[in-house]
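Per the numbering used here, the very first residue in the sequence shown carries number 233; after that it's consecutive. Notes to accompany the following structure.
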Amino acid sequence: VGTLNFERPWVWTLFGATHAFDKGFDVRETDEFSWFDVRLDIPIWEKASFSVGKQKEPISMERMMSMTHLPQQERSAVADALLPSRNTGVVMSGSIFNDRVVLAGGAFNDFLDKDQPNSFSDNSTNYVSRATWVPFEDDSRSSLLHLGLGYRYSDGVEGGLVRTEPEFNQSPDFISSGDEIFDTDKINTYQAEASWRSGRLWLHGEYIRTDIEAPDILDPTVDGYHVSASWSLTGEMREYNKRVGVFRRLPIARSVNQNGWGAWEVAARYSNIDANDGLLEAGDMDIWSAGINWWLSPYFSLHLNYRYITLDKDGLEGNSQGINSRIVLVLE
C-alpha cells in the first residue's frame, strides 16, 4: 500500500498470493500467482472517493472486512456461496450526516482477469450498492447500533453455479449444484445486516437472498443467514470505521512484548444456507461454530475454531465436525 502525493493523496493497493501451498507434495509446479487487489483510490472531496481496479464489491460487512479481523476464521457459507470475493470495476463511496450514513455503489466486469474471456461482452456485468446507517451511539461511544442494506444485479452472461465449503478452507464442497454451469438470464441478490456493539461485546448478523432467473431449473431462490457473537476476555472494544461502515480488528491494550496478555476473544456463530429450490438441489446446510482468538501483538495471532455441520442433500442427511487452526504472522 502506498500513496501518490498530490494535494489530496491517491492511495494504491497491491495484494497478491502464491498458490504454492495449494499444491500436493508431489507436484513441482508452484509458480502460480494471483492478484487479490490492484486498486487506486482517488479522493473526490473530503468524505468521498472513487476507486478503480480489482477490488472487493461494496456489499456485506463480512465480505468487506479482512478475514484475519473476523471473529471466525472463515466467512459464513452463504456469503462465500452468493457473493464474489473480488471483481474488476469502479466504485464511488462516501459518508454523510456526520459519518452516520455511508453510501457506496459500483459497476464491475471481470474481462481483464487472466482466467476470464478477454471480451467485455463475454463476461457478466454487475452493479452493486450498499447503504449503512448508525441510528444510535451513546455519549461514551461504547454502545453503537449499525444497520445496512445491499443489492447486487448481474446480467447472468456467464451462467451460474452454486457451491461452497462448510466454512473450512480446502474442504470439499458440501453445497454444490454440480460442475455444469446452468444458463441464467439475470441474478438479483439482496443483503441485510445489523450489528450491536456494547463495550467488549459485539453481535452481528446478515441475511442474503439470491433470486436466479433460470427457466430451465424453475427460477430457484438461494438464501441463508448467520448470527455471530464475540466477547473480549481482556476488555478491549472493536473500533467502528464510520467512513466505510465496518468494524476493525480487536485492538490490543497490552501486547506480550509489553509484559501483557495480548488480546483474547471468544466467539460463536450459527449459519445456514438453503440451496434446494425449484430444480436446484445443491443442499441445505446448518453450521454451529465456536472459537477462541489470541492476538499476542499486532503482528502475531493464534486462532482455533470448532464446527458442527448438518447437511441435507440429494435426499440424504448427515453431520460432520472438525477443528480449524491458524497462525498469522505480519512481517514488515
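For glycine and all other residues, C-beta sits at the position ideal for the given N, C-alpha and C.
When we look at the beta-carbon of residue i and count the other beta-carbons within 10 Å, is it buried (16 or more) or exposed?
{"i": "G566", "result": "Residue 566 is absent from the model: the chain starts at 233 and stops at 564."}
{"i": "Q287", "result": "buried"}
{"i": "R373", "result": "exposed"}
{"i": "S266", "result": "exposed"}
{"i": "T416", "result": "buried"}
{"i": "R475", "result": "exposed"}
{"i": "H223", "result": "A query on residue 223 cannot be resolved here, the shown segment of the chain reaching from 233 to 564 and no further."}
{"i": "W277", "result": "exposed"}
{"i": "I444", "result": "buried"}
{"i": "A311", "result": "buried"}
{"i": "D370", "result": "exposed"}
{"i": "A249", "result": "exposed"}
{"i": "L548", "result": "exposed"}
{"i": "R539", "result": "buried"}
{"i": "T300", "result": "exposed"}
{"i": "Q490", "result": "exposed"}
{"i": "R240", "result": "exposed"}
{"i": "V562", "result": "exposed"}
{"i": "G554", "result": "exposed"}
{"i": "S317", "result": "exposed"}
Specify, as a first and last residue, the run of the alpha helix (DSSP H) that residue i falls within.
{"i": "D369", "result": "Before going further, note that residue 369 is Glu rather than Asp in the sequence given. It is not in any alpha helix (DSSP H) - E369 instead sits in the beta strand (DSSP E) that spans T357 to E369."}
{"i": "L314", "result": "A309 to L314"}
{"i": "R295", "result": "M293 to M296"}
Could you tell me how far apart the beta carbons of residue i and residue j are, in whole angstroms, since I believe they sit closer than 8 angstroms?
{"i": "I541", "j": "S552", "result": "5 angstroms"}
{"i": "L512", "j": "S409", "result": "6 angstroms"}
{"i": "R429", "j": "H458", "result": "About 17 angstroms; that fails the 8 angstroms criterion."}
{"i": "E397", "j": "M293", "result": "Actually they are not in contact, since the Cβ atoms of E397 and M293 sit about 21 angstroms apart, beyond 8 angstroms."}
{"i": "P447", "j": "D509", "result": "P447 to D509, Cβ: 14 angstroms. No contact."}
{"i": "E289", "j": "N330", "result": "Not quite, the Cβ-Cβ distance comes to about 26 angstroms (not below 8 angstroms), so this is no contact."}
{"i": "V454", "j": "D506", "result": "7 angstroms"}
{"i": "G523", "j": "L536", "result": "6 angstroms"}
{"i": "S356", "j": "E390", "result": "5 angstroms"}
{"i": "F343", "j": "N556", "result": "Going by Cβ atoms, the distance from F343 to N556 rounds to 35 angstroms, so no, they are not a contact pair."}
{"i": "I407", "j": "A499", "result": "The Cβ separation is near 23 angstroms, so there is no contact."}
Starting from residue i and walking both ways along the beta strand (DSSP E), at which residues does that stretch end?
{"i": "E549", "result": "L548 to L561"}
{"i": "V637", "result": "No statement about residue 637 is possible, as the shown extent of the chain runs from 233 to 564 and does not include it."}
{"i": "S372", "result": "From DSSP, S372 is part of no beta strand (DSSP E); its letter is neither H nor E."}
{"i": "P275", "result": "F265 to W277"}
{"i": "A461", "result": "T453 to S464"}
{"i": "K286", "result": "A280 to Q287"}
{"i": "F340", "result": "V333 to N341"}
{"i": "M324", "result": "N319 to I328"}
{"i": "L236", "result": "G234 to L236"}
Unbroken stretches of the beta strand (DSSP E), 3 residues or longer, contained in the region 398-449: 418-430 and 433-445
Touch test, the region 328-345 against the region 303-310, Cβ-Cβ under 8 angstroms, three pairs minimum: no
Contact the region 495-505 vs the region 478-487: 3+ CB pairs below 8 angstroms: yes
Start-end ranges of the alpha helix (DSSP H) lying completely within the region 488-544, minimum 4 residues: none
Cβ contact check for the region 350-365 and the region 381-390: 3 or more pairs under 8 angstroms: yes
Cβ pair count under 8 angstroms reaching 3, the region 317-329 against the region 418-428: no
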